[in-house]
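First to last, the protein sequences are chains W and V. According to my numbering, the first sequence holds residues 1 to 132 in order. According to my numbering, the second sequence holds residues 133 to 307 in order.
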Amino acid sequence: MKRLLLLIALMIAHPLFADSNLPPAYWSDRQLPDPKQEAQARGLMEQIRCLVCQGQSIADSDAEIAGDMRDLVRRRIAAGEAPSSIRAWLIQRYGTWITFKPTAEPAAWPLWALPLVLLLVAGYLVRRRIKR
Amino acid sequence: MSRAVRFAPLAVFLVIVIALIWRLATPTSTFVPSRLEGKPLPAFDLGPGVDTKPALSTRDFADGQPHILNIFASWCVPCVSEVKVLQELKARGAAIEGIAIRDTPEDVAAFLARNGDPYDRIGSDPQSALQIALGSSGVPESFIIDGRGVIRYQHIGPIERSDIGMIEHKLEQAR
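Below you can see the structure in the form of structure tokens.
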């Protein structure tokens, strides 16, 4: 009986997530009336990384702060701000970590150069084979 | 083919394995630090977080004194124990301002009555807007703001009793 009660209690218990009691922000799960603006907002939200569920974009995440960020993105797009400027604003605060879009920072140069280097090496190897 | 070249792929493979083991053994930190350290506090003007205390705006940090800006919430579990430590810091002379994230005045009042109240002022941030503007990613977090309103230090997670010395040192540096 005790076990059964515990089981029932576990089934109805609300998981103790660190979530507030406030409802989600207005624009967090609501599309903008203008489809073009909504598409812009959607595009940006899919490239912004969630601070809590760090593998997800804010478009996918159910975390509250992701909802608040979606609200922020939609509000600013509706006010006429360009997605690139909102992204830059977020990068100023969280660093390039916040965006999934690869950056052109010097730290990433070896990564961009790698395919080129591999191609050159492969070309050199093939040439040696053909010559032989 | 020379001996060295023949073993090159094995060497590369070993380097990759060692790199993987090293990264798996010491995972990177999941903390996302704010890039605003050393930059001025973003301008804000929040409503009151609780009815019995003054609200919070950027102007409150322009008094020439260092402040601890504590981001907390009544629904945040680690905040409960942090409040005690903040009270101790306040007793030693620190000025502490609070920002209540996604909270209601009633819940904040109940939280302060139950756990203690170290705050001079509390601003309300119902949609995490200021939190995002500060580059903060969760509760609790604290920023040390110097007398000119510049962010000097960000502390991610609760301030523990063992951090008191370090925080006081940072406050001294921000004077």
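C-beta atoms are modelled at their ideal positions from N, C-alpha and C, and glycine is treated no differently.
If one requires a minimum length of 4 residues, the alpha helix (DSSP H) runs lying completely within the stretch 67-116 of chain W are 83-94, in chain order. If you look at I288 (chain V), you'll find it in the beta strand (DSSP E) that goes I283 to I288. In the three-state DSSP reduction, F204 (chain V) falls in the strand class (E or B). It is roughly 38 Å from the alpha-carbon of Y251 (chain V) to the alpha-carbon of A82 (chain W). From the listed residues V:Q305, V:S134 and V:H287, the smallest Cα separation to E214 (chain V) is found for V:H287. Under the criterion of beta carbons closer than 8 Å, G181 (chain V) and G230 (chain V) qualify as touching, at roughly 6 Å. Linking Y26 (chain W) to F275 (chain V) through their CA atoms gives a straight-line distance of about 28 Å. In the three-state DSSP reduction, P24 (chain W) falls in the coil class, being neither helix nor strand. Boundaries of the beta strand (DSSP E) harbouring E229 (chain V): A227 to I233, taken from the DSSP string. About 6 Å separates the beta carbons of S268 (chain V) and S166 (chain V), which is inside the 8 Å limit, making them a contact pair. Positions of the alpha helix (DSSP H) runs, each at least 4 residues long and wholly inside the stretch 239-265 of chain V, are given as 261-265 in order along the chain. Each of V:L142, V:A265 and V:G289 was checked against the Cα of E273 (chain V), and the nearest Cα belongs to V:G289. Inter-residue distance for W97 (chain W) and A223 (chain V) is about 38 Å (C-alpha atoms, whole angstroms). Per DSSP, E214 (chain V) has no beta bridge partner at all. In this structure, the straight-line span from the alpha carbon of F204 (chain V) to that of L303 (chain V) is close to 19 Å.
Under the three-state reduction of DSSP output, I58 (chain W) falls in the coil class, being neither helix nor strand.
Non-local C-beta neighbours of P186 (chain V) in its own chain, meaning closer than 6 Å and more than five positions away in sequence, comprise R253, ordered along the chain.
DSSP, read as helix, strand or coil, puts R307 (chain V) in coil. Contact with chain W is found for P258 (chain V), since one of that chain's Cβ atoms lies less than 8 Å from the residue's Cβ. For F275 (chain V), the enclosing beta strand (DSSP E) stretches over residues E273 to I277. Rounded to whole angstroms, the gap between the alpha carbons of V212 (chain V) and V271 (chain V) is 11 Å.
Per DSSP, the beta-bridge partners of G179 (chain V) are V:S256. Straight-line measurement puts the Cα of L173 (chain V) at about 14 Å from the Cα of Q197 (chain V). Inclusion of Q54 (chain W) and T162 (chain V) in the CB contact set at 8 Å is warranted, their separation being smaller than that value. At a Cβ-Cβ threshold of 8 Å, S20 (chain W) and R234 (chain V) count as neighbours.
Counting of Cβ neighbours within 10 angstroms places F139 (chain V) among the exposed residues, the total staying below 16.
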